[in-house]
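Undergrad:
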RNA sequence: ACCUCAAGACAUA
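Residue numbers (the working numbering): 3 to 381.
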């Protein structure tokens with residue numbers, strides 16, 4: 003069983019999900035680890051349903067199974083389901099807490115992340131890294147620094163992480179060079195740091211020097227090419243990648259969008275195995291600024307029909323589109339839907355876009371759709 | 001032999 007399970011995991015790691023499944027089905031004997039490996043494989047290829055049904059078919063669960071299920075939900079944006087799993091599990095390890103913390107950090111739920119971080123019975127460097135990222139994502143660099151400074155235990159990974167997030171790339175590189183052993187997370191972090199600075203050569207150097215790659219590192223490199231105008235290299239890399247997920251697809255999609263290759267973007271989009279809010283939003287924003295705002299509106303509607311919950315970014319995109327095409331009622335409706343239907347808080351961008359939209363149509367802010375509070379904010 | 005931290009969309013002139 004052990005060697006078969008190891009093979010199963012190896013197949014999954016290299017993106018051969020079909021091979022893993024075939025092996026799984028023919029295995030004479032399976033244990034919890036075998037099932038867990040399969041569960042994780044499905045989660046990582048963004049197939050939550052398959053992960054869920056694997057979980058439900060398992061003869062028994064251990065802590066790792068629960069954590070893997072929790073993570074599968076978290077990775078695919080099902081925050082509620084992730085939390086429900088967390089509450090349902092019989093015991094929690096630090097991995098469960100970290101997974102929950104990471105889920106909140108990724109979805110921008112800073113308060114929930116802080117709550118989780120303080121409620122945890124103990125914290126390791128992974129918890130600190132996640133918390134620093136949560137603050138940094140929300141542009142609370144001061145707080146990120148504060149956490150970084152108040153940590154009771156530090157190691158090199160956390161230093162690296164902290165420096166990357168506060169934008170001190172030279173210091174980060176210094177730490178990186180001093181690390182006695184670097185894991186793939188550290189390597190990828192360094193790669194992204196260079197990528198963000200536009201140091202394409204340095205990023206490629208890191209990528210080539212890495213002892214192993216996985217979807218995340220491949221995608222980080224893909225993003226480096228795509229966002230620096232090297233769309234052909236990006237495409238080549240994408241085709242070579244042994245494993246792709248929604249993030250990889252969206253990264254390439256964005257590369258096409260940024261380089262004005264609208265046709266290719268559309269074709270690629272419809273070939274995607276799964277779309278999430280970010281992939282849809284990319285399509286919305288591609289068309290939002292052009293004269294074909296109605297196409298953007300169509301994409302937005304299709305996203306809703308797909309059952310996805312729009313983000314503030316996607317709403318802004320569709321509002322910009324409405325503004326350009328003069329769909330005032332429609333645009334106001336999306337704005338109102340933010341708080342009424344989706345539990346989102348409109349930001350300044352949404353208000354100013356709304357004002358421009360009304361202004362263009364010669365309507366006053368007291369158009370009749372808004373209550374006093376909104377009207378006063380608009381004016 | 002299996003789980004958590006690292007990768008993707010966004011505004012303004």
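For every residue, glycine included, the Cβ atom is placed at its ideal position computed from N, Cα and C.
If you're wondering where the values come from, they're calculated on a predicted model, not measured in any experiment.
Distance, Cα to Cα, residue 352 vs residue 342?
TA: As a working mapping, residue 352 is identified with position 350 in the first chain. As a working mapping, residue 342 is identified with position 340 in the first chain. Answer to the nearest angstrom: the Cα atoms are 15 Å apart.
Undergrad: Have a look at 226, 188, 186 and flag the residue whose alpha-carbon is nearest the alpha-carbon of residue 200.
TA: Position 198 of the first chain, counted from the start, is the residue given in the question as residue 200. Nearest option by C-alpha distance: 226.
Undergrad: Quick check on DSSP: helix, strand or coil for residue 16?
TA: For the purposes of this step, residue 16 is identified with residue 14 of the first chain, where counting begins at 1. Coil at residue 16, not helix or strand.
Undergrad: So, does the segment 272 to 281 touch the segment 289 to 298, judging by three or more C-beta pairs under 8 Å?
TA: Result no; under three Cβ-Cβ pairs closer than 8 Å.
Undergrad: Counting Cβ pairs closer than 8 Å, one from the segment 262 to 269 and one from the segment 242 to 252, do we hit at least three?
TA: No: the two stretches stay apart, fewer than three of their Cβ pairs being nearer than 8 Å.
Undergrad: If we count the other Cβ atoms within 10 Å of its Cβ and call it buried at 16 or more, is residue 195 buried or exposed?
TA: For the purposes of this step, residue 195 is taken as residue 193 along the first chain, with counting starting at 1. It counts as buried.
Undergrad: Please report the Cβ distance between residue 89 and residue 75, rounded to the nearest whole angstrom; I am assuming they are in contact, meaning their Cβ atoms lie under 8 Å.
TA: The residue you call residue 89 lines up with position 87 of the first chain. The residue you call residue 75 lines up with position 73 of the first chain. Contact flag wrong, Cβ pair sits at about 12 Å.
Undergrad: Taking only runs of the beta strand (DSSP E) that begin and end inside the segment 4 to 85, which ones reach a length of at least 3 residues, in chain order?
TA: Runs of the beta strand (DSSP E) inside the segment 4 to 85: none found.
Undergrad: Terminal residues of the continuous alpha helix (DSSP H) containing residue 349?
TA: Mapped onto the first chain, residue 349 falls at position 347. Premise fails: residue 349 is in no alpha helix (DSSP H) and is neither H nor E.
Undergrad: Please go through the same chain and pick out, in chain order, the residues whose beta-carbon is closer than 6 Å to the beta-carbon of residue 133, but skip the five residues on each side of it.
TA: Locating residue 133 in the first chain gives position 131, where the first residue counts as 1. Same-chain partners within the cutoff: 119, 149.
Undergrad: What is the C-beta distance between residue 320 and residue 286, in whole angstroms, given that I count them as a contact (C-beta under 8 Å)?
TA: Reading the first chain from its first residue, position 318 is the one you call residue 320. Reading the first chain from its first residue, position 284 is the one you call residue 286. Sure, about 6 Å apart at Cβ, within 8 Å.
Undergrad: For residue 174, I'd like the list of residues in its chain whose CB is within less than 6 Å of its CB, leaving aside the five on either flank, ordered along the chain.
TA: In the first chain, residue 174 corresponds to position 172, counting from 1. Cβ neighbours of residue 174 beyond the five flanking positions: 162, 165, 166, 195.
Undergrad: Are the CB atoms of residue 344 and residue 312 within a distance shorter than 8 Å?
TA: The count along the first chain starts at 1 and reaches residue 312 at position 310. The count along the first chain starts at 1 and reaches residue 344 at position 342. Contact flag set, yes.
Undergrad: How big is the Cα-Cα spacing for residue 138 and residue 346?
TA: The residue you call residue 138 lines up with position 136 of the first chain. The residue you call residue 346 lines up with position 344 of the first chain. In a straight line, the C-alpha of residue 138 is about 21 Å away from that of residue 346.
Undergrad: Report the three-state DSSP secondary structure of residue 365 (helix, strand or coil).
TA: Taking the first residue of the first chain as 1, we reach residue 365 at position 363. DSSP places residue 365 in coil when its eight states are reduced to three.
Undergrad: Extract the residue ranges of the alpha helix (DSSP H) inside the segment 305 to 348, only unbroken runs of 4 or more that lie entirely within it.
TA: Entirely contained in the segment 305 to 348, the alpha helix (DSSP H) runs reaching 4 residues are, in chain order, 314 to 327, 330 to 343.
Undergrad: In chain order, what residues of the same chain lie with their CB nearer than 6 Å to the CB of residue 235, ignoring the 5 residues before and after it?
TA: Within the first chain, the letter at position 233 stands for residue 235. Excluding positions up to five away in sequence, the list reads 227.
Undergrad: In this structure, how does DSSP classify residue 273 when only helix, strand and coil are distinguished?
TA: Within the first chain, residue 273 is the residue found at index 271, counting from 1. Helix, per DSSP.
Undergrad: Below 8 Å on the Cβ atoms is my guess for residue 177 versus residue 189; work out the distance and round it to an integer in Å.
TA: In the first chain, residue 177 corresponds to position 175, counting from 1. In the first chain, residue 189 corresponds to position 187, counting from 1. Not confirmed; about 13 Å, so no contact.
Undergrad: Quick check on the DSSP output: the alpha helix (DSSP H) that includes residue 199 runs from which residue to which?
TA: To locate residue 199, count along the first chain from 1; it is residue 197. Run containing residue 199: 186 to 199, per the alpha helix (DSSP H) assignment.
Undergrad: Residue 221: buried (16+ other C-beta within 10 angstroms of its C-beta) or exposed?
TA: Along the first chain, one-based indexing puts residue 221 at 219. Counting Cβ neighbours within 10 Å, residue 221 comes out buried, since at least 16 surround it.
Undergrad: Please name the residue in 306, 263, 255, 289 whose C-alpha comes closest to that of residue 281.
TA: Indexing the first chain from 1 puts residue 281 at position 279. The candidate whose alpha carbon is nearest that of residue 281 is 255.
Undergrad: Flag this pair as yes or no: are the beta carbons of residue 40 and residue 26 separated by less than 8 Å?
TA: The count along the first chain starts at 1 and reaches residue 40 at position 38. The count along the first chain starts at 1 and reaches residue 26 at position 24. Closer than 8 Å, so yes.
Undergrad: Thinking C-beta only, is residue 229 closer than 8 Å to residue 279?
TA: Along the first chain, one-based indexing puts residue 279 at 277. Along the first chain, one-based indexing puts residue 229 at 227. In this structure, residue 229 does not lie closer than 8 Å to residue 279 by Cβ.
Undergrad: Would a C-beta distance cut-off of 8 Å place residue 363 and residue 328 closer than the cut-off?
TA: Along the first chain, read from residue 1 onward, the residue named residue 363 stands at position 361. Along the first chain, read from residue 1 onward, the residue named residue 328 stands at position 326. Yes; because the gap between Cβ atoms is below 8 Å, this pair is in contact.
Undergrad: Going by C-alpha distance, which of 322, 67, 135 is nearest residue 107?
TA: Translated into the one-based positions of the first chain, residue 107 becomes position 105. Residue 107 has its Cα closest to that of 135, out of 322, 67, 135.
Undergrad: Going by DSSP in three states, residue 141 sits in which element: helix, strand or coil?
TA: Translated into positions along the first chain, residue 141 becomes position 139. It is coil, neither helix nor strand.
Undergrad: Using 10 angstroms around the beta-carbon of residue 5, count the other beta-carbons present and answer buried if the total reaches 16, otherwise exposed.
TA: Here residue 5 is taken as the residue at index 3 of the first chain, counted from 1. Counting Cβ neighbours within 10 Å, residue 5 comes out exposed, since fewer than 16 surround it.
Undergrad: Of all the options 284, 244, 198, 42, which has the alpha carbon lying nearest to the alpha carbon of residue 17?
TA: If you number the first chain from 1, residue 17 lands on position 15. The shortest C-alpha separation from residue 17 is found at 244.
Undergrad: Please tell me whether residue 153 and residue 117 are closer than 8 Å, where the distance is taken between their beta carbons.
TA: Taking the first chain and counting its residues from 1, the one referred to as residue 153 is at position 151. Taking the first chain and counting its residues from 1, the one referred to as residue 117 is at position 115. No, the Cβ-Cβ distance between residue 153 and residue 117 is not below 8 Å.
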